[in-house]
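Heads up, the sequence shown is in this note's numbering, so the first residue is 122 and it goes up one at a time. We put the CB at the ideal spot given by N, CA and C, even for glycine. As the structure is a prediction and not an experimental result, all values here were calculated from the model. Scroll down for the structure; my scribbles are underneath it.
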Amino acid sequence: MNFLRGVMGGPSAGPQPSGAETIQKLCDRVASSTLLDDRRDAVRALKSLSKKYRLEVGIQAMEHLIHVLQTDRSDSEIIGYALDTLYNVISNDLEEEEQEENLPKQVDDLGSQFTEIFIKQQENVTLLLTLVEEFDFHVRWPGVKLLTSLLKQQGPQVQQIILVSPMGVSRLMDLLADSREVIRNDGVLLLQQLTKSNAAIQKIVAFENAFERLLDIITEEGNSDGGIVVEDCLLLLQNLLKNNNSNQNFFKEGSYIQRMKPWFEVGDDNCGWSAQKVTNLHLMLQLVRVLVSPTNPPGATSSCQKAMFHCGLLQQLCTILMATGVPADILTETINTVSEVIRGCQMNQDYFASVNAPSNPPRPAIVVLLMSMVNERQPFVLRCAVLYCFQCFLYKNQKGQGEIVSTLLPSTIDATGNSVSAGQLLCGGLFSTDSLSNWCAAVALAHALQENATLKEQLLRVQLATSIGNPPVSLLQQCTNILSQGDKIDRRGSKVQTRVGLLMLLCTWLSNCSIAVTHFLHNPANVPFLTGQIAENLGEEEHLVQGLCALLLGISIYYNDNSLENYRKEKLKQLIEKRIGRENFIEKLGFISKHELYSRAAQKPQPSFSSPDHMMFDHEFTKLVKELEGVISKAIYKSSEEDKKEEEVKKTLEQHDNIVTHYKKVIREQDQELEELKQRINTLTSQNEQLQATVTQQVSQIQQHKDQYNLLKVQLGKDTQHHNSHSDTFQMNGIQTEEVSKLKEELEEWKNKHELLQGQLKEKDSVIEKLKSSQLEMGTTEQSSQTSKSGGLELNNELQKELEMLRSQIQLQSAEISKLQIENQKLQVMNTTADPVLADSHVAAVNKSELEGRLEQEIKELKSEVKALSEEKETLKQHLDSSSSTVAILQDEKSKLQQEVAESKKEQDDLLVLLADQDQKLSALKIKLKDLGVPVEDEDDIESGDQGDEDEDGDEEEQD
């Protein structure tokens, strides 16, 4: 202990040992001491010396410290001292007094070298992962700090060791669930270092529920109002999501985008934002941009954009965009974020077009943003952000392009001048004296024409009033006029920036639009100006302008339809050969793609420039240059014959495209018809199924009624026997007499209905007689031919079928009558056993016998009618065989016969229905009579007798 007091600076006699000697003695004591307390004190002394004598402690003590970690794990205190000592040796976070100007490089080398020594044995990192699992604060916290420092020094190597270690990443994920905020926060820093540039670890961390835990921490800390912990969590989220499509998809599918909306809920009072809140909100906006970055796969970006719209995140961002008091850098980043959320997504672009600024009167957000873009007093980064937002709004948005161009057309310009439109702002910026406004307005207008030939033609109609008293000039003419004036106009900013912007606009406008090329060439000053610019030997600053002039002249050749005689393709090529030279022309054309600023602009869509002077090229324009540079070079060297062949090929391709378009249209129409027919088939199928179900239901109902009818018949027989056995006790009162009289009245009504049926039968007989007479008349005609015979045979077959149907119907009637006869016989048997109490029982017996006789007579008459009908059928067949009438007459008669047969079918059907109703009524009457105690047989006999009388009267009338 006296030795330790000397080391720690206590009083001691004699000379003081040097630091290296002291460290050597402490290391010997750690290695050789058998008492744990001695080893612990020695390690604590090494810890106190490790900052001042970092190199010595690292060289002499590292091996002993690692041995302590391996052997003394049961004592958390010595493990904590050892970890702290290793952290001081490896970490580059020195005390302020030690950070001198000549030390940083040496410090970095020391930390990296000691880290390399430590991880040379992979078991050391595995041991450290095991120690981090310990819950003891004095072990876990220094272990987390040491592992973080190792990752900072030798990140890829340590990542690989952790990745192959069993459950290595999962152990570290448990740090986020630690209830002690210090460990949890340092765990976030550890995971930041662990996930840097390693997609495999990023996926494992994401699937270990990292998104849920980090978002919970951000919410607990107060979202954007939180402290440094929120910033660390956002940085870790960026590591997990940036350039990792799998994690981005997992984040979207897990509905974590919806949890980002509360981050951007800012209040009305936006003054006095803290620096930490600005940092947090800045990182939150960047995280949104990571999910919708143009470099992501289009499908993943589109799905995230739609999710942001549906959860209200886009609406919240637009609220910040239009709010007052928002810091400039936050506003700029918000504009960039909104730009990428709406880029290429029609739904989001339509919503953004409907957003209005909270002004009086309200103005569209697009107009307000364009006002900032063309205002030279606004910050440069803000103007670049607005330009990017406008470009994203128009990207693959033909509807939005049309709305912007329509504000320039004469028919849509506001005559009152009360409100400024987007088109007016663009024109104002295009012709202002600020070169940056000229460039931004030209690029914005070029994006309104991108890949839209219709709008390129419509923009030719735009007329501009230059000054009072002078006639208006077209927008195209005004652009070329400003271009030809060059440096004559005094402008603020770069000398060539305005001309570069106008040339990019003209190249975009004329590409793939022959009408615009014709309008451009119609001005006789344009071609001489371009050839003059290309041919001159100007300084390096003008190389860019010369290259763009060469591109514009090449476009005028390539898309020339030869409608102007003086500026045909061949003549323009000859002009280049004489004035410039083909090789010189191609060389000047190559100035564009070789320029440094061209390469920067081609990297990403967002315009990011260090200064306004570097703002020369637009990303979309670089694509156009890459597309046209090769074809223009080939077009310059082509002969007139090759041009003619190319024109013929183009015409053939156009015809082919027209044919293909026509057939596509026909196929679309046929597809529509097929869809309609399929729908009709589905409808008819469903109707058929419904009808079949209805038929099945009705059949079951009919079967139920039949079963009920049979059951009632059986019950009627039983009740009759019961009444016979108790006939002595049967008495009739006055109420029953009244009910019997009512039943008799109903029977009278049924008699009347029966008479009506007899009349209908007579009408049917008269129809048959008419058919006979018509066939006899047809038989007397003398004309005969082979065609009439064949027609007669067909008619004969049809009539024969109709007669067969009538015959079958009559047979059904006879069968029904036979059923009634059988029921009558049953009732007779029942009547023989009935009680003769009623006074009119003898009369009923007489009527019963009369009914039986009349029924038999009616059956005989029906049979004779069937026989007569069969004979008439044979007669008709003979008449038809000998018929020689014309086909027209036979057809007329056929139609008449069909109508008559249909009427007769209806009459037969009505008859069957009435008979069925009569049967049901009879059954009901029987039941009522049974309830009243009246013998059913007597009334039935009376009814049958009355029906028989009616039938006899009918037969006598027929005989007369």
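- Residue range 556-569 is occupied by the alpha helix (DSSP H) that includes S556.
- Under the criterion of beta carbons closer than 8 Å, I655 and K709 qualify as touching, at roughly 5 Å.
- A straight line joining the alpha-carbon of V564 with that of Q243 spans about 57 Å.
- The beta carbon of V526 lies closer than 8 Å to those of G544, A569, L570, L576, Q579, L580 in the same chain, with the five residues before and after it left out.
- Under the 8 Å Cβ criterion, the stretch 228-238 does not count as touching the stretch 156-170, having fewer than three qualifying pairs.
- Each of D739, Q436, G880 was checked against the Cα of Y509, and the nearest Cα belongs to D739.
- For Y679, the enclosing alpha helix (DSSP H) stretches over residues 664-679.
- In this structure the stretch 350-362 lies against the stretch 290-310, because at least three pairs of beta carbons, one per stretch, are closer than 8 Å.
- In terms of Cβ geometry, L878 and L1018 do not form a close pair [threshold 7 Å].
- DSSP lists no bridge partner for L693.
- For G711, same chain residues with a beta-carbon under 8 Å away, outside a window of 5 residues either side, are G668, E750 in chain order.
- Note on the stretch 384-465: there is no whole beta strand (DSSP E) run with a minimum of 3 residues.
- In terms of Cα proximity to L626, the closest of E657, P593, I676 is I676.
- Cβ contact annotation for L147 (same chain, cutoff 6 Å, sequence separation greater than five): A163, A166, L167, in chain order.
- Annotation: the stretch 236-288 contains the following complete segments of the alpha helix (DSSP H) (minimum length 4 residues), in chain order: 243-253, 258-274, 276-285.
- Look at V594 here: in three-state DSSP terms it is strand.
- Here DSSP, grouped into helix, strand and coil, assigns A478 to strand.
- In this structure, M468 sits near F430, with a CB-CB distance shorter than 7 Å.
- The residue from T440, Q379, F371, K317 with its alpha-carbon nearest to that of L357 is K317.
- In terms of Cα proximity to D196, the closest of Q1041, E663, D158 is D158.
- Going by DSSP, C505 is part of the alpha helix (DSSP H) stretching over 501-515.
- For P645, the number of other beta carbons within 10 angstroms of its own is below 16, and it is reported as exposed.
- Buried is the label assigned to T269, since at least 16 other Cβ atoms lie within 10 Å of its Cβ.
- Taking the Cα of V399 as reference, the smallest distance to any Cα among A449, L685, K785 is reached at A449.
- Excluding five sequence positions before and after G622, the CB atoms of its chain that fall closer than 7 Å to its own CB belong to N559, W560, A563, V564, given in chain order.
- For L585, the beta-bridge partners assigned by DSSP are V594.
- Distance from the CA atom of S731 to the CA atom of V459, rounded to whole angstroms, is 22 Å.
- R613 sits in a strand when the DSSP states are folded into three classes.
- Your pair L491 and L452 does not check out as a contact, with CB atoms roughly 15 Å apart and the cut at 8 Å.
- Three or more pairs of CB atoms, one per stretch, sit closer than 8 Å, so the stretch 357-368 contacts the stretch 405-416.
- E686 and P593 have their C-alpha atoms some 27 Å from each other.
- Note on P263: 16 or more other CB atoms within 10 angstroms of its CB, so buried under the neighbour-count rule.
- Less than 7 Å separates the beta-carbon of N573 from that of Q519.
- The criterion of a C-beta distance shorter than 7 Å is not satisfied by L529 and V476.
- For H643, the enclosing alpha helix (DSSP H) has its first and last residue at 635-643.
- Counting only residues of its own chain and dropping the five nearest sequence neighbours on each side, D682 has a CB closer than 6 Å to the CB of S635.
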